[in-house]
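Mapping of the sequence shown onto the working numbering: residues 9 to 117, in sequence order.
Note that CB positions come from ideal geometry on N, CA and C, so glycine has one too.
Okay, structure first, notes after.
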Amino acid sequence: MVCNLKNGSCSKCGGCCSNILPLTDNEKNKIKKIIKKRKLKPSYHIPLNGFDMTCPMLDSNSRCRIYEDRPNICRVYRCDKSIEQGAVEFYRSLTAKAKPVIMRDLFNE
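This is the structure we're talking about:
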């Protein structure tokens, strides 16, 4: 599926959701609390390459299970930014206080 956010359309396919996200400590702690409160288990997907790097918060329909509480990077991510000049600087500015977090590790902390 292709998203065209320049025109305001997003198919919500989950294709942009990866396993490693830049999260602030506050976001990381918030997600860990949600996991415990809702008793969430990580979702697993069967990728074509055999290596699952999808976000464990996606359900079997590639919908985010914590959409209302998703991290900032997920709120502002735009599929079209990756092809535009300045994308690296744009995301670097958003994640200045964030650290890379392997999302599946949050289930084990």
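Beta-carbon separation of residue i and residue j under 9 Å?
{"i": "V3", "j": "L31", "result": "Nothing about residue 3 can be read from this structure; the chain reaches only from 9 to 117."}
{"i": "I74", "j": "I28", "result": "no"}
Going by CA-CA distance only, name the one from the options that's closest to residue i.
{"i": "R78", "options": "E117, M61, K41", "result": "K41"}
{"i": "L114", "options": "G22, S26, P64, Y85", "result": "P64"}
{"i": "C24", "options": "A106, R112, M61", "result": "M61"}
{"i": "N116", "options": "K44, E35, S26", "result": "K44"}
From residue i to residue j, what does the alpha carbon distance come to, in whole angstroms?
{"i": "I81", "j": "R46", "result": "22 Å"}
{"i": "Y85", "j": "E76", "result": "15 Å"}
{"i": "E35", "j": "R112", "result": "14 Å"}
{"i": "S26", "j": "A106", "result": "16 Å"}
{"i": "N69", "j": "N37", "result": "26 Å"}
Am I right that residue i and residue j are in contact with their C-beta atoms under 8 Å? What's the rounded C-beta distance?
{"i": "S51", "j": "D33", "result": "Not a contact, Cβ separation roughly 24 Å."}
{"i": "G22", "j": "R71", "result": "7 Å"}
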